[in-house]
Amino acid sequence: MPDATSRLFSPITIGTLELPARLFKTATAETRAAADGSVTDDVVEFYRLLAKGETPLIVTGNIYVTRQGKSAPRQLGADHDDRIAGLARIPEVVHAHGGRIFAQLNHCGRQVVPDFAGNRDVVSASGVTDLLTGTRPRALGADEIATIVGEFAAAATRCREAGFDGVQMHSANGYLLSQFLTPHTNRRTDEYGGSLEGCTRLAREILAAIRQRCGDDFPVIIKMNGADKLPLRDGLTAPELGQAAHRMEEAGIDAVEISVGHYESGFPMVCGSFDLCLRHMVRGSMAQLPTVRRILMRSLRPLVAFASNRLWPAREGFNLDFAPAFSRRLGIPLICVGGFRSRDTMEAALAAGHCDAVSAGRPFIADPFFFRHLRDRQAGPHCVDCNGCVGHLGAQPADCYHPEVRSQKDAMLAREDI
């Protein structure tokens, strides 16, 4: 049973919401929606299991706020009012088990394979080609930026009406809001570029619009990079991103979750092994890359896997190095994601004051009861960081694809009689 003195299992307040513990399920794309972006039974079941595992806070996979911002097939949408009834099924099943859930709202910007997502109108802060996909976006006009602000606010309003407990603005990992923050992808000379004030303007305007429509009692948090990790390009460092997070706090954000990297960065956000991951990837999302990139990826896959295994080996708490640049500036909760697997490492991160809560993704995919098992010191399926699940995202449903771990998961769910 939980230790009464454990900080990990002590309450924390985010905005107006009090949560019973400090281990959360971070956002991971479900790839379980219908083709048109609507909620399916498969989506609901994914979140029901996480809630049954007593997870204190779940953040959904990224939900597009406009069809232009869709990043992959079978992604959930909150882009029009007809979505509300379907979306309501998710918080309903989570609340039935006593859990809380935030909807992660996103626009992919340039970080998309157009043929994969079925999205030809690719936009960004500036017309900078994505080196991984070869996708070249067009720069958004000021009037289009105002439209996107409204689309985020409208999506948040729909999520509130659907019963979600809050929303998370996705401004990490190279998506549109991250593209506006990062000098490499934002070369604008208008009020949305240049200075820290300019590069955070879009996120601040979205936050203000959500507050205007949803009120101050509806928690809004943001996911940001702890570092951009863009070698030889003009990416942001932890101190610079810490300043940006402080600016978001001044604007009224309720909490910050830190991740790392863009797609162009490689795999710093999912440290582990990449042989299985890349085998899945070249048959899935990368099968839709432009011809030259697709051929190169297939032929160089073993070499890319070899290099990735050495550049980004598995380790726990791999984003904690960035946390002090945020924690010393913030008076709101700081959540850190990045390879957390063991109770001891989570407890140590909190005890050292590096962050106020931790989040995890892959362990919950391997074991939807991860929180309960960790709290009660019970064994469960243990993620081995093979990243098979990551390789399938956007192409196959989010699940564990490691044969041994998946077998353990299936046996556990059978015993639970769910």
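Numbering (the numbering used here), first residue to last: 1456 to 1873. Heads up, the beta-carbon is just placed ideally off N, CA and C, and yes, glycines get one too.
Extent of the continuous beta strand (DSSP E) run through Lys-1480: Residue mapping note: residue 1480 aligns to position 25 of the sequence shown, counting from 1. 1478-1480 is the extent of the beta strand (DSSP E) around Lys-1480.
Just curious, the beta strand (DSSP E) that Asn-1680 is in, first and last residue? On the sequence shown, residue 1680 is found 225 positions in, with the first residue counted as 1. Unbroken beta strand (DSSP E) run through Asn-1680: 1675-1680.
Limits of the unbroken alpha helix (DSSP H) element including Gly-1755: Counted from its first residue, the sequence shown places residue 1755 at position 300. Per the sequence shown, the amino acid found at residue 1755 is Leu instead of Gly. For Leu-1755, the enclosing alpha helix (DSSP H) has its first and last residue at 1746-1766.
Taking DSSP as the reference, what is the three-state secondary structure of Gln-1698? By 1-based counting over the sequence shown, the position of residue 1698 is 243. Reduced to three states, the DSSP call for Gln-1698 is helix.
State the Cα-Cα distance for the pair Met-1679 and Gln-1833, rounded to the nearest angstrom. Position 224 of the sequence shown holds residue 1679. Position 378 of the sequence shown holds residue 1833. Rounded to whole angstroms, Met-1679 to Gln-1833 spans 32 Å at the Cα level.
Is the CB-CB distance between Glu-1719 and Leu-1595 below 9 Å? Numbered from 1 along the sequence shown, position 264 holds the residue referred to as residue 1719. Numbered from 1 along the sequence shown, position 140 holds the residue referred to as residue 1595. No; because the gap between Cβ atoms is not below 9 Å, this pair is not in contact.
Using CA atoms only, rank isn't needed, just tell me which of Glu-1646, Leu-1651, Val-1499 is closest to Ile-1545. Position 90 of the sequence shown holds residue 1545. Per the Cα distances, Val-1499.
Cβ-based neighbour list, Arg-1591, same chain, cut-off 7 Å, excluding 5 preceding and 5 following: Looking up residue 1591 in the sequence shown gives position 136. Only Gly-1582, Thr-1584 meet the Cβ criterion.
Taking C-beta to C-beta, are Leu-1789 and Ala-1778 nearer than 9 Å? Counting from 1 along the sequence shown, the entry for residue 1789 is found at position 334. Counting from 1 along the sequence shown, the entry for residue 1778 is found at position 323. Cβ distance < 9 Å, so Leu-1789 and Ala-1778 count as in contact.
Paired residues, beta bridge with Tyr-1519 - DSSP: As a position in the sequence shown, residue 1519 is number 64, starting the count at 1. Paired residues: Gly-1532, Asn-1561.
Who are the near neighbours of Gln-1743 in its chain, counting only those whose CB is closer than 7 Å to its CB and skipping five residues on each side? Here the question's residue 1743 lines up with position 288 in the sequence shown. Excluding sequence neighbours, Gln-1743 sits near Val-1568, Asp-1570, Phe-1571.
For Cys-1791, list the residues DSSP reports as bridge partners. Reading the sequence shown from its first residue, position 336 is the one you call residue 1791. Beta-bridge pairing links Cys-1791 to Ile-1713, Val-1813.
Using the Cβ count rule (16 or more neighbours within 10 Å means buried), how would you classify Ile-1467? Locating residue 1467 in the sequence shown gives position 12, counting from the first residue. Its Cβ being crowded by 16 or more others within 10 Å, Ile-1467 is buried.
DSSP puts Gln-1623 in a beta bridge; with which residues? Walking along the sequence shown from the start, residue 1623 turns up at place 168. In DSSP, Gln-1623 forms a bridge with Gln-1559, Ile-1676.
Could you give the first and the last residue of the continuous alpha helix (DSSP H) run that contains Ile-1539? Here the question's residue 1539 lines up with position 84 in the sequence shown. Counting along the chain, the alpha helix (DSSP H) containing Ile-1539 begins and ends at 1539-1542.
Put Ala-1488 into one of helix, strand or coil per three-state DSSP. Here residue 1488 corresponds to residue number 33 of the sequence shown, with the count starting at 1. Of the three classes helix, strand and coil, the one that applies to Ala-1488 here is coil, per DSSP.
Coarse secondary structure for Arg-1656, derived from DSSP in three states: On the sequence shown, residue 1656 is found 201 positions in, with the first residue counted as 1. Of the three classes helix, strand and coil, the one that applies to Arg-1656 here is helix, per DSSP.
Between the C-alpha atoms of Leu-1478 and Ala-1812, what's the straight-line distance to the nearest angstrom? Residue 1478 sits at position 23 when you count from the first residue of the sequence shown. Residue 1812 sits at position 357 when you count from the first residue of the sequence shown. Near 6 Å, if we compare the C-alpha coordinates of Ala-1812 and Leu-1478.
Return the CA-CA distance between Cys-1732 and Thr-1495, expressed in angstroms with no decimal places. On the sequence shown, residue 1732 is found 277 positions in, with the first residue counted as 1. On the sequence shown, residue 1495 is found 40 positions in, with the first residue counted as 1. Each residue's Cα considered, the two are about 26 Å apart.
Cβ neighbours of Ala-1769 in the same chain (closer than 6 Å, five flanking residues each side left out): As a first step, residue 1769 is located in the sequence shown; it is residue number 314 there, counting from the start. Excluding residues within five positions, the ones whose Cβ falls inside 6 Å are Cys-1726, Gly-1727, Asp-1840.
Any contact of the segment 1474-1489 with the segment 1850-1865, i.e. 3+ C-beta pairs under 8 Å? yes
Arg-1593 bridges to which residues according to DSSP? Numbered from 1 along the sequence shown, position 138 holds the residue referred to as residue 1593. Arg-1593 is bridged to Val-1578.
Please find out if some non-hydrogen atom of the ligand NAD comes closer than 8 Å to the beta-carbon of Gln-1623. Although the ligand NAD was asked about, the structure shown includes no ligands whatsoever.
Assuming Asp-1497 and Phe-1557 make a contact with CB atoms under 8 Å, what is their CB distance in whole Å? Looking up residue 1497 in the sequence shown gives position 42. Looking up residue 1557 in the sequence shown gives position 102. The pair is not a contact, with the Cβ atoms about 20 Å apart (cut-off 8 Å).
Gly-1516 to Gln-1530 span [Cα, whole Å]: Taking the sequence shown and counting its residues from 1, the one referred to as residue 1516 is at position 61. Taking the sequence shown and counting its residues from 1, the one referred to as residue 1530 is at position 75. The alpha-carbon atoms of Gly-1516 and Gln-1530 are separated by roughly 8 Å.
Taking all protein chains shown into account, decide if Ser-1862 is buried (16 or more other Cβ within 10 angstroms of its Cβ) or exposed. Stepping through the sequence shown from its first residue, residue 1862 is reached at position 407. It is exposed - the Cβ of Ser-1862 has fewer than 16 other Cβ atoms within 10 Å.
Which of the three DSSP states, helix, strand or coil, is assigned to Glu-1802? On the sequence shown, position 347 is the one that residue 1802 refers to. It is helical.
Is the number of C-beta pairs between the segment 1747-1758 and the segment 1670-1678 that are closer than 8 Å three or more? no
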